[in-house]
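Step one of this worksheet: look at the structure below.
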Amino acid sequence: MTAERTRRAVADYGPSAALVVLAVVIWEALVRALDVPHWLWPAPSLVAATLRDDGGLLASQMWVTLREVIFGFAIALAAGLGIGIALHISSTLRRALYPLLIASQSVPTVVLAPVLVILMGYNIGPKLAIIGLFCFFPIVVNSVDGLATVDREYVRMMLTLDASRWAIFRRVEFPASLPLIFSGTRIAATYAAIGAVFGEWAGSDAGLGYEILQAKGRLDTPRVFAAVLIVTLMAIALFLLVALVERLTIPWARGGGAIE
Amino acid sequence: MAAERSLAASAGSEARAGADSSIEIREVRQTFGEVVALERIDLSVAQHRRVGIVGPSGCGKSTLLSNVAGLLEPDAGTISVGGATAPRDRLARCALMPQKDLLLPWRTALDNACLALENRGLSRAEARRRARPFFERFGLAAFEERMPAQLSGGMRQRVAFLRTLMAEKDVLLLDEPFAALDSITRAGMQEWLLGALEQEPKTVLLVTHDVDEALLVGHRVVVFSARPGRIVRTLETDLPRGLPRREIVTSPEFAALKEQALEALES
């Protein structure tokens, strides 16, 4: 069983892992062969050394950013689900709000960030707002779509079983839409870390985004790369966490068990 | 919670005690835009009698079941179920079993069977306690905690039927309940359905395009014409009950009735 799982894991993730290793090796070789200055484009070995030597500092900046990511993502999830469900329940609300929600995505959040800092100050507030704005949209859209595409036959079946509107929602519509809600949430998970970095760039005195700006100003490019690497790993970790929760919550959705 | 439970229990017993579960369909007409699906349908089904409805595809058989159940109001005509004519009241008296089993894939077989009880406000534990004994009778013992994906087609259909019965309605509307099954499983399910209905009589409308099934299950069979659906033939089956399915379907009476039904279908 364990051997089988190991074999499957190697088959699933082996090729992309090999590709990453290959890219790192080529990158290292090119930087050394061409003697690229480290402030222009540092070798992977130098980035690794930076991670080791500045580990304490980077870790403390990471906790700041991680806190923003977790709270911001939680807010986006709650708001996204809440708005999605509200839009599903009230068709008036859907007609009024849905076009505006889609339009809101054409407002560049990056431009909005400094305004939010002016409004909310140099605290965690603007970061949470920006992460929320980045992340809630895929969750709302997938919730609305998921709830709207539940097979009407299931709803009719529930009506003949004395179901109230609420019973239909919680016993059929909501569970049936979970696979789509989760795919929206997975997309949102990859945005959260980027949102935090943008938020910090707009105004902050700590965090990985702040550290990137500081290091860039000093032409300390290895540290920029190290911070970017941590941000990336953070996004991957959050994505995998959502995927894990999905597997545990809706095991029936794997293998085409979902209702159309 | 306790009040809610006793309320649900009394509502259930009231539905059972409500002696009249006859169906009266008068001059029903149903259109969808330009298309006339049903035209002047008249049909009475007495308490605990079973009527099989056969007809070509698209003749409005299923539409009639939606009409009776109160899910769809006809354009003209009246429908009364146990004396109730308002759609909501009809819905409260009818249980509808569709062709697809429509089991919820995230619920176990037992929890699927519990849906109606939970919808009426019973706790999950109480609903499970009440539904569990039926699994033995339905040939589903030891499959209570299986997920629908782990059940065979025939078993899924039996769970769906049990789910329909747990609604404790006196009127059963069956919409091609076994059409998705292979013919051997279907024959077994027909026999099993008859057995279940002998134990617990219901007023039944069975829509099917299997003439054998209609003759076997129904006390009466009505043949629908192609669109617009009209009743072109009514056959009283009057077949001996309680014999094995094989003996009934090979009897001369059965063959004669089938001949008449097929003739009406082809005309």
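Residue numbers (the working numbering), protein chains in the order written: chain P, -3 to 256; chain X, 19 to 285.
The beta carbon of each residue, even a glycine, is placed where N, CA and C say it ideally should be.
- Per DSSP, the continuous beta strand (DSSP E) segment holding A113/X begins and ends at 112 to 115.
- With the rule of 3 Cβ pairs closer than 8 Å, the segment 97 to 113 of chain X does not count as touching the segment 263 to 280 of chain X.
- The segment 24 to 37 of chain P makes no contact with the segment 190 to 205 of chain P: fewer than 3 CB pairs, one atom from each, lie closer than 8 Å.
- By the Cβ neighbour-count rule, R204/X is buried, with 16 or more other Cβ atoms within 10 Å of its own.
- Under the three-state reduction of DSSP output, Q48/X falls in the strand class.
- Beta bridge pairing from DSSP links G101/X with no other residue.
- Beta bridge pairing from DSSP links V240/X with I71/X, T252/X.
- Bridge partners of L191/X according to DSSP: L114/X, L223/X.
- Under the three-state reduction of DSSP, T96/X is assigned to strand.
- Contact check for S39/X against R150/X fails: the beta carbons are separated by 8 Å or more.
- Neighbours of P92/X in chain P, taken as residues at a C-beta separation under 9 Å, are lacking, since the least C-beta distance is about 17 Å.
- Neighbourhood of P219/X in chain P, by CB distance below 9 Å: empty, with the nearest CB roughly 19 Å away.
- Of all C-beta pairs linking the segment 242 to 252 of chain P to the segment 165 to 180 of chain P, three or more are shorter than 8 Å, placing the two stretches in contact.
- Annotation for E231/X: the continuous alpha helix (DSSP H) segment containing it runs 229 to 235.
- Under the criterion of beta carbons closer than 8 Å, A198/P and L112/P qualify as touching, at roughly 7 Å.
- Listed in chain order, the alpha helix (DSSP H) runs fully inside the segment 39 to 126 of chain P are 40 to 49, 51 to 85, 87 to 100, 105 to 116, counting runs of at least 4 residues.
- Excluding the 5 residues flanking it on each side, A144/P has same chain C-beta neighbours closer than 7 Å at H84, in chain order.
- Taking the Cα positions, L54/P is about 21 Å away from L36/P.
- Between V241/X and A274/X, the C-beta spacing is not below 8 Å.
- When C-beta distances to chain X are compared with 8 Å, the residues of the segment 151 to 171 of chain P below that value are R152, M153, M154, L155, T156, L157, D158, A159, S160, A163, R167, V168, P171, in chain order.
- Distances from the alpha-carbon of T268/X to those of L233/X, I249/X, S243/X, H237/X put L233/X closest.
- For the options G213/P, K123/P, V137/P, the alpha carbon positioned closest to that of T61/P is the one of K123/P.
- Assigned with DSSP and collapsed to three states, D201/P falls in coil, not helix or strand.
- If you look at V54/X, you'll find it isn't in any alpha helix (DSSP H); it sits in the beta strand (DSSP E) that goes 53 to 63.
- Nearest to D193/X by C-alpha distance, out of A244/X, G73/X, R47/X, is G73/X.
- Taken through DSSP and simplified to helix, strand or coil, G142/P comes out as helix.
- Secondary structure of I22/P (DSSP, three-state): helix.
- Any Cβ of chain P closer than 8 Å to the Cβ of M165/X would place that residue at the interface, and such an atom is present.
- In the three-state DSSP reduction, I246/P falls in the coil class, being neither helix nor strand.
- Straight-line spacing of the CA atoms in R146/X and E154/X works out to 14 Å.
- Taking the beta carbon of I246/P as reference, the chain X residues within 8 Å of it are W124, listed in sequence order.
- Taking C-beta atoms as the reference points, I226/P and L209/P fail to come closer than 8 Å.
- Looking only at A197/X, K220/X, P166/X, the smallest Cα-Cα distance to E186/X is reached by K220/X.
- By the CB criterion at 8 Å, V69/X and G236/X fall inside the cutoff.
- Remark: C-beta atoms of I41/X and V189/X approach each other more closely than 8 Å.
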